[in-house]
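Student:
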Amino acid sequence: MRLWLNDLGIGVRIALGGGRASWRRLVLTGVGVGLGVAVLLVGASAPTVVTERQIRADLSAVRAGEDPIPGVDPLYRVYRPEQYRGNQVMGSYVVAGGPNAPVPPGLQRIPGDGEIVLSPALAELMASPEGELLRRLFPQRVVGTIGKDGLVGPNHLLYIAGDSSIPRMADTAYYRFGRYNGVPLSSLTSANLLLLALGVVVLLFPVLLFTVVSTRLGGPERERRLAALRLIGAGPWQVRRIATGDALASSVVGLVLGAGFFLLVRAFVEHVELFELRIFSSDLTPSVGYVALVAVLVPVLSVLAALATMRGTTVDPLGVARRAKPPARRLWWRVVPVLVGVAVLATRERSLADWHGSQGRALLLGGIALLLLGIPLLLPWVVERSVGRVRGGPPSWQLAVRGLQMDSGSAARVVGGVAVVLAGGIALQTVLLGTETEVKSWPPFAPVTNQVDITVLGDAVTRVDELADRVRGVDGVVSVSWQRSFGLLRKGGDRPVEVGVESCDVLLRGTGITSCRDGDAFVFRGSPDDSVIPEPGEVVLQQRYTQLGRMSTGAEWTVPALTAADRPDGQLGYHPVVLTPGAVRGVGVESQIGGLRVLVDPAVPTAARNARAALGDLGWQATGLAFDQDPGDPTAEYRTFRRLLLGGTLVTVLLAGVSLLVLALEEVRARRRPLAVLAAGGVPRGTVVRSLLWRNAVPLLLAVVVAVVTGAGLGLLLLRSSARPLVLDYAGMGVLSAGAVVMVLLVTLCTLPAVRRATGATGLRVE
Numbered sequence: 001m002r003l004w005l006n007d008l009g010i011g012v013r014i015a016l017g018g019g020r021a022s023w024r025r026l027v028l029t030g031v032g033v034g035l036g037v038a039v040l041l042v043g044a045s046a047p048t049v050v051t052e053r054q055i056r057a058d059l060s061a062v063r064a065g066e067d068p069i070p071g072v073d074p075l076y077r078v079y080r081p082e083q084y085r086g087n088q089v090m091g092s093y094v095v096a097g098g099p100n101a102p103v104p105p106g107l108q109r110i111p112g113d114g115e116i117v118l119s120p121a122l123a124e125l126m127a128s129p130e131g132e133l134l135r136r137l138f139p140q141r142v143v144g145t146i147g148k149d150g151l152v153g154p155n156h157l158l159y160i161a162g163d164s165s166i167p168r169m170a171d172t173a174y175y176r177f178g179r180y181n182g183v184p185l186s187s188l189t190s191a192n193l194l195l196l197a198l199g200v201v202v203l204l205f206p207v208l209l210f211t212v213v214s215t216r217l218g219g220p221e222r223e224r225r226l227a228a229l230r231l232i233g234a235g236p237w238q239v240r241r242i243a244t245g246d247a248l249a250s251s252v253v254g255l256v257l258g259a260g261f262f263l264l265v266r267a268f269v270e271h272v273e274l275f276e277l278r279i280f281s282s283d284l285t286p287s288v289g290y291v292a293l294v295a296v297l298v299p300v301l302s303v304l305a306a307l308a309t310m311r312g313t314t315v316d317p318l319g320v321a322r323r324a325k326p327p328a329r330r331l332w333w334r335v336v337p338v339l340v341g342v343a344v345l346a347t348r349e350r351s352l353a354d355w356h357g358s359q360g361r362a363l364l365l366g367g368i369a370l371l372l373l374g375i376p377l378l379l380p381w382v383v384e385r386s387v388g389r390v391r392g393g394p395p396s397w398q399l400a401v402r403g404l405q406m407d408s409g410s411a412a413r414v415v416g417g418v419a420v421v422l423a424g425g426i427a428l429q430t431v432l433l434g435t436e437t438e439v440k441s442w443p444p445f446a447p448v449t450n451q452v453d454i455t456v457l458g459d460a461v462t463r464v465d466e467l468a469d470r471v472r473g474v475d476g477v478v479s480v481s482w483q484r485s486f487g488l489l490r491k492g493g494d495r496p497v498e499v500g501v502e503s504c505d506v507l508l509r510g511t512g513i514t515s516c517r518d519g520d521a522f523v524f525r526g527s528p529d530d531s532v533i534p535e536p537g538e539v540v541l542q543q544r545y546t547q548l549g550r551m552s553t554g555a556e557w558t559v560p561a562l563t564a565a566d567r568p569d570g571q572l573g574y575h576p577v578v579l580t581p582g583a584v585r586g587v588g589v590e591s592q593i594g595g596l597r598v599l600v601d602p603a604v605p606t607a608a609r610n611a612r613a614a615l616g617d618l619g620w621q622a623t624g625l626a627f628d629q630d631p632g633d634p635t636a637e638y639r640t641f642r643r644l645l646l647g648g649t650l651v652t653v654l655l656a657g658v659s660l661l662v663l664a665l666e667e668v669r670a671r672r673r674p675l676a677v678l679a680a681g682g683v684p685r686g687t688v689v690r691s692l693l694w695r696n697a698v699p700l701l702l703a704v705v706v707a708v709v710t711g712a713g714l715g716l717l718l719l720r721s722s723a724r725p726l727v728l729d730y731a732g733m734g735v736l737s738a739g740a741v742v743m744v745l746l747v748t749l750c751t752l753p754a755v756r757r758a759t760g761a762t763g764l765r766v767e
């Protein structure tokens with residue numbers, strides 16, 4: 001042990017005190033490893049980010065209709081979201097039912113009548129010129145700022161306003177905030193869990209490869225120092241231990257720099273918004289276990305990489321020699337990780353519920369990692385067997401093939417990182433396409449820029465004419481109509497269908513209906529509610545709305561004759577069943593929840609917002625909904641995940657490209673004397689360049705084949721485990737494969753200056 005420690009210490013001292021060249025190599029290696037460590041720490045913080053956001057969301061969650069809690073006064077609350085410039089402004093109006101009412105998270109006290117508390121992001125928006133209309137919607141006196149405990153993220157637009165006019169009834173009474181019986185009110189869906197697990201492994205696995213590649217910087221200089229040590233009497237095993245100490249020093253420097261890079265990112269992450277997502281700096285904190293794993297994994301990988309580069313290499317006192325030809329590679333142990341990964345993913349039941357829990361997540365992550373690990377393990381064997389019997393061809397081809405036959409492992413390692421990224425990207429595309437296919441049955445959303453619906457509740461329903469006149473006076477408003485709605489529930493059913501009451505004027509103007517008379521009734525087919533739409537003449541139960549927008553079952557009603565019509569371009573605000581006022585006489589919808597349907601001139605961009613702001617003094621009794629955004633689009637969440645994951649894939653592709661360039665340059669430097677000999681022997685430089693291109697292209701094409709098969713297989717296995725449609729994204733596979741080919745071509749072009757120097761006369765110099 002003492003001998004080991006002494007040799008490791010020599011390696012560390014050589015790395016730290018070997019002169020300017022050693023310091024330059026140490027800094028380059030440390031920066032490379034540090035970048036990889038920083039990305040690993042950011043990735044290791046992802047569970048903390050998700051958990052902390054989930055905890056704060058659960059803390060703010062409420063549930064109405066609970067039994068009173070002894071000693072706790074009710075907090076009467078009405079939830080009222082708003083849309084503003086494409087952003088969702090969340091919030092509620094509250095009034096305390098006594099001194100012991102629960103205080104919403106992030107607040108010091110419950111705001112009184114006419115007071116409002118804003119999130120920092122909403123306060124900033126309202127103070128800006130773009131927030132002029134928001135100030136009209138919320139004219140209350142600002143008395144404070146919502147703290148972090150009440151916000152999901154720094155860009156959360158949230159308000160809590162006090163209003164003593166809120167009805168004090170059971171439907172509005174709340175006695176506590178947060179979790180119930182220790183169970184969070186919300187959690188990641190199974191599809192999102194699948195995407196998150198796949199994304200973490202796919203995005204972080206290439207980072208590990210990049211970290212390992214960074215430890216190989218400056219290989220020739222390291223080998224010359226080791227040869228010098230052999231010259232002064234060091235033995236072969238002692239040289240390996242010294243090389244291990246050198247690698248440990250580089251990895252420790254990389255860990256320190258990586259921690260610094262991570263802290264720098266953490267300090268500014270709160271001010272950066274990606275894909276409408278911002279996180280608190282304190283959330284970007286990896287757990288102690290993940291930090292310990294990274295702190296151990298990086299040095300171990302660095303040491304293993306250093307020892308692997310010396311396998312097949314003999315360090316003599318007079319230089320470094322390599323075996324003429326490595327032994328044939330065995331296949332059996334290389335397929336073991338692939339078979340184990342397939343077994344883990346394929347033998348699960350066809351439900352993602354199996355993946356929830358720590359054991360399920362570990363199996364999911366482990367299965368994905370094992371499959372991706374099979375790519376760099378299989379590639380050397382595939383390349384070796386593919387080029388082993390190739391003969392003939394032009395000189396550049398023969399040079400490339402002979403080089404691959406002599407050393408196929410280096411070429412496979414060069415493209416191994418790219419292949420892992422490619423396979424992961426294909427698997428991501430496949431899973432994303434499969435999960436998105438589930439909801440393709442929803443009608444496409446067509447933005448409507450000339451319409452806003454203002455829902456009116458409470459006592460304001462009795463002032464509808466006054467409110468309509470107020471909105472008509474807004475510049476850009478074309479027409480204002482009063483729209484009511486109620487529900488119909490089939491006997492024995494559990495889901496009502498929404499029924500709207502519209503005038504013929506609105507129907508003729510906003511739909512494809514060409515003929516309408518008062519008393520007509522229409523049904524719009526092609527919506528997700530087709531299965532619950534009652535038939536003409538069927539006796540159904542009325543679902544009456546209360547003044548707060550909740551439903552209560554009413555009397556029986558016979559459905560009139562329905563005229564089928566095409567659903568109007570997927571626009572929101574039109575119910576599956578629409579009745580004219582004459583068709584609902586006797587139903588009593590006059591006192592139902594309703595709203596103002598406002599049609600505006602698209603040439604006046606602020607008309608819709610001004611129409612909503614005209615009723616800002618109604619507070620909780622009015623809320624607006626514009627149709628230039630689709631808040632109910634079921635594919636929106638998947639598109640957000642798609643952007644996030646593909647953005648992360650882009651980062652890993654860039655890292656893979658950098659590692660590919662580093663390895664390619666190292667290969668040129670390691671083979672500079674053979675290249676110089678070829679040039680001196682009369683081989684044209686163009687032939688040498690083309691041979692290098694072939695040497696990179698052949699392993700790349702084989703890597704693309706392996707990556708496509710592995711990525712598609714992984715994606716299909718994951719879709720099968722979630723019982724989702726098995727579909728392949730051929731276009732995405734083609735784009736990713738073409739991108740990998742282009743990246744290798746660019747890397748080859750970047751190595752041309754190094755090739756030019758290596759094929760010069762100075763390349764024949766021997767020290």
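For what it's worth, UniProt numbering labels the leading residue of the sequence shown as 1, then goes sequentially. We treat Cβ as the ideally placed atom computed from N, Cα and C, and that holds for glycine.
Would you report the Cα separation of Ala668 and Thr759, rounded to the nearest angstrom?
Tutor: Against the sequence shown, residue 668 aligns to sequence position 668. Against the sequence shown, residue 759 aligns to sequence position 759. At residue 668 the sequence reads Val, which differs from the Ala that was named. C-alpha separation (whole angstroms): 10 Å.
Student: Which stretch, first to last residue, makes up the alpha helix (DSSP H) that contains Trp333?
Tutor: Position 333 of the sequence shown, counted from the start, is the residue given in the question as residue 333. It is not in any alpha helix (DSSP H) - Trp333 carries neither H nor E in the DSSP assignment.
Student: Using the beta-carbon count (16 or more within 10 Å), is Trp620 buried or exposed?
Tutor: The residue you call residue 620 lines up with position 620 of the sequence shown. Flag for Trp620 reads buried.
Student: With 16 other CB atoms within 10 Å as the buried threshold, where does Pro444 fall?
Tutor: Walking along the sequence shown from the start, residue 444 turns up at place 444. Only weak support is given to the placement of Pro444: the predicted model assigns it a pLDDT of 49, under 50, and the value that follows is read from those uncertain coordinates. With fewer than 16 Cβ atoms within 10 Å of its Cβ, Pro444 is classed as exposed.
Student: Are there 16 or more other CB atoms within 10 angstroms of the CB of Trp355, so buried, or fewer, so exposed?
Tutor: Start at 1 with the first residue of the sequence shown, and residue 355 comes out as number 355. Here Trp355 scores only 49 on pLDDT, less than 50, and its place in the model is too uncertain to base an answer on.
Student: Over the uninterrupted alpha helix (DSSP H) stretch that includes Leu404, give me the two end residues.
Tutor: By 1-based counting over the sequence shown, the position of residue 404 is 404. Taken as a continuous stretch (DSSP letters only), the alpha helix (DSSP H) holding Leu404 covers Pro395 to Met406.
Student: The alpha helix (DSSP H) with Gln483 in it runs from where to where?
Tutor: As a working note, residue 483 is residue 483 in the sequence shown. That residue, Gln483, is in no alpha helix (DSSP H); its beta strand (DSSP E) goes Val477 to Arg490.
Student: Residue range of the beta strand (DSSP E) that Gly162 falls in?
Tutor: Translated into the one-based positions of the sequence shown, residue 162 becomes position 162. Leu158 to Gly162 is the extent of the beta strand (DSSP E) around Gly162.
Student: Quick one: measure Cβ to Cβ for Phe205 and Ala369, integer angstroms, because I've assumed they're closer than 8 Å.
Tutor: What you label residue 205 is simply residue 205 of the sequence shown in a count that begins at 1. What you label residue 369 is simply residue 369 of the sequence shown in a count that begins at 1. Going by Cβ atoms, the distance from Phe205 to Ala369 rounds to 7 Å, so yes, they are a contact pair.
Student: Does Gly91 pass the burial test, meaning 16 or more other C-beta atoms within 10 Å, or should it be called exposed?
Tutor: Here residue 91 refers to the residue found at position 91 of the sequence shown. Classification of Gly91: buried, given that the 10 Å Cβ count is 16 or more.
Student: On the three-state DSSP scale, how would you describe Phe138?
Tutor: Position 138 of the sequence shown, counted from the first residue, corresponds to residue 138. Coil.
Student: Enumerate in chain order the residues of its own chain whose CB-to-CB distance from Leu133 is below 6 Å, with the five nearest sequence positions on each side excluded.
Tutor: Within the sequence shown, numbered from 1, the residue matching residue 133 stands at position 133. Here the set comprises Arg609 and Ala613.
Student: According to the Cβ coordinates, are Gly616 and Val253 closer than 9 Å?
Tutor: On the sequence shown, position 616 is the one that residue 616 refers to. On the sequence shown, position 253 is the one that residue 253 refers to. Not in contact: Gly616 and Val253 (Cβ atoms no closer than 9 Å).
Student: In whole angstroms, give me the CA-to-CA distance for Leu352 and Arg470.
Tutor: In the sequence shown, the residue the question calls residue 352 occupies position 352. In the sequence shown, the residue the question calls residue 470 occupies position 470. With a pLDDT of 46 at Leu352, under the threshold of 50, the modelled position of that residue is not reliable, and the figure given next carries that caveat. Going by C-alpha positions, Leu352 is about 53 Å away from Arg470.
Student: Can you give me the Cβ contacts of Val539 inside the same chain, cut-off strictly under 6 Å, excluding the 5 residues immediately before and after it?
Tutor: Residue mapping note: residue 539 aligns to position 539 of the sequence shown, counting from 1. Excluding residues within five positions, the ones whose Cβ falls inside 6 Å are Glu556 and Thr558.
Student: Give the secondary structure of Thr172 by DSSP, where H, G and I count as helix, E and B as strand, and everything else as coil.
Tutor: Translated into the one-based positions of the sequence shown, residue 172 becomes position 172. The answer is helix: DSSP assigns Thr172 an H, G or I state.
Student: Do the stretch 334-350 and the stretch 681-691 meet, that is, are 3 or more Cβ pairs less than 8 Å apart?
Tutor: Contact between the stretch 334-350 and the stretch 681-691 is not established, with fewer than three Cβ pairs separated by less than 8 Å.
Student: Please report how far the alpha carbon of Pro102 lies from the alpha carbon of Val578, in whole angstroms.
Tutor: In the sequence shown, residue 102 corresponds to position 102, counting from 1. In the sequence shown, residue 578 corresponds to position 578, counting from 1. Distance between the alpha carbons of Pro102 and Val578: 42 Å.
Student: The beta strand (DSSP E) spanning Leu579 covers which residue range?
Tutor: Reading the sequence shown from its first residue, position 579 is the one you call residue 579. Segment Val577 to Leu579, the beta strand (DSSP E) holding Leu579.
Student: Under 8 Å, with one C-beta from each stretch per pair, do the stretch 691-703 and the stretch 392-408 reach the 3-pair mark?
Tutor: Yes, the stretch 691-703 touches the stretch 392-408.
Student: Using CA atoms only, rank isn't needed, just tell me which of Asp163, Pro139 and Pro70 is closest to Arg176.
Tutor: The sequence position of residue 176 within the sequence shown is 176, counting from 1. Ranking Asp163, Pro139 and Pro70 by Cα distance to Arg176 puts Pro70 first.
Student: Closest to Ala362 by C-alpha separation, out of Val201, Leu457, Ser302 and Val478, would be which residue?
Tutor: In the sequence shown, counting from the first residue as 1, residue 362 sits at position 362. Residue Val201 is the option with its Cα nearest to Ala362.
Student: With Ile55 as the anchor, note down where its alpha helix (DSSP H) starts and where it stops.
Tutor: Residue 55 sits at position 55 when you count from the first residue of the sequence shown. Segment Ala46 to Leu59, the alpha helix (DSSP H) holding Ile55.
Student: Residues in the same chain with beta-carbon distance under 7 Å from Ser45, minus the five sequence neighbours each way, listed in chain order, please.
Tutor: Indexing the sequence shown from 1 puts residue 45 at position 45. Excluding sequence neighbours, Ser45 sits near Leu284, Thr285 and Pro286.
Student: With burial defined as no fewer than 16 other Cβ atoms inside 10 Å of the residue's Cβ, what is the status of Pro104: buried or exposed?
Tutor: Here residue 104 corresponds to residue number 104 of the sequence shown, with the count starting at 1. Label assigned to Pro104: buried.
Student: Kindly list the residues whose CB is nearer than 6 Å to the CB of Ala707, restricted to its own chain and excluding five residues on each side of it in sequence; keep chain order.
Tutor: Taking the sequence shown and counting its residues from 1, one reaches residue 707 at position 707. Once the five neighbours on either side are set aside, the close Cβ partners of Ala707 are Ala419, Leu422 and Ala423.
Student: In the DSSP assignment, what residue or residues form a beta bridge with Leu541?
Tutor: For the purposes of this step, residue 541 is taken as residue 541 along the sequence shown, with counting starting at 1. Leu489 and Glu556, per the DSSP bridge assignment.
Student: What residues in its chain sit with their C-beta under 6 Å from that of Gln429, if we drop five residues either side in the sequence?
Tutor: Counting from 1 along the sequence shown, the entry for residue 429 is found at position 429. Taken in chain order, the residues that qualify are Asp729 and Gly732.
Student: How many angstroms separate the CA atom of Leu562 from the CA atom of Ser60?
Tutor: Along the sequence shown, read from residue 1 onward, the residue named residue 562 stands at position 562. Along the sequence shown, read from residue 1 onward, the residue named residue 60 stands at position 60. Straight-line Cα distance between these residues: approximately 44 Å.
Student: Using the rule of at least 16 other Cβ atoms within 10 Å of the residue's Cβ for burial, across every protein chain shown, is Pro536 buried or exposed?
Tutor: On the sequence shown, residue 536 is found 536 positions in, with the first residue counted as 1. Classification for Pro536: exposed.
Student: Count the other CB atoms within 10 Å of the CB of His271; is the residue buried (16 or more) or exposed (fewer)?
Tutor: On the sequence shown, position 271 is the one that residue 271 refers to. Burial call: exposed.
Student: Nearest by alpha-carbon distance to Val497: which of Trp333, Thr514 and Ser531 is it?
Tutor: Position 497 of the sequence shown, counted from the start, is the residue given in the question as residue 497. It is Ser531 whose Cα lies nearest to the Cα of Val497.
Student: Taking 9 Å as the threshold (C-beta atoms), are Val383 and Val37 in contact?
Tutor: Position 37 of the sequence shown, counted from the first residue, corresponds to residue 37. Position 383 of the sequence shown, counted from the first residue, corresponds to residue 383. Cβ atoms of Val37 and Val383: not closer than 9 Å.
Student: Helix, strand or coil for Arg525? Go by DSSP, reduced to three states.
Tutor: Here residue 525 corresponds to residue number 525 of the sequence shown, with the count starting at 1. Arg525: strand per DSSP, three-state reduction.
Student: By the three-class DSSP mapping on this structure, what secondary structure does Glu115 have?
Tutor: Walking along the sequence shown from the start, residue 115 turns up at place 115. In this structure, Glu115 counts as strand in the three-state DSSP scheme.
Student: If distances are taken between C-alpha atoms only, which option among Leu378, Asp459 and Gly258 comes closest to Leu702?
Tutor: On the sequence shown, residue 702 is found 702 positions in, with the first residue counted as 1. Looking at the Cα atoms, Leu378 is the closest of the given residues.
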